[in-house]
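Asker:
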Ligand SMILES: [Zn+2]
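In this note's numbering, the protein residues as written are 3 to 48.
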């Protein structure tokens, strides 16, 4: 059975957006996504 492409090591953490289904490999990427896509939602929660 051949593997296609690279397999991610199980240790790699994923940063899943709590507001949608997006998943990022870095916390920075996730935070930037939240600020851009969900900034209004964050403000509305306060
Ligand atoms: Zn999101």
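Even glycine gets a Cβ: it sits at the ideal position worked out from N, Cα and C. Since the model is a prediction, treat every value here as computed from it, not as a measurement.
1) Within this structure, are the beta carbons of residue 34 and residue 17 separated by less than 8 Å?
2) Give the range of the alpha helix (DSSP H) segment to which residue 33 is assigned.
3) In angstroms with no decimal places, state the Cα-to-Cα distance between residue 22 and residue 15.
4) Name, in chain order, the residues that DSSP records as bridge partners for residue 26.
Answerer: So, from the data block:
1) no
2) 29-39
3) 18 Å
4) 17
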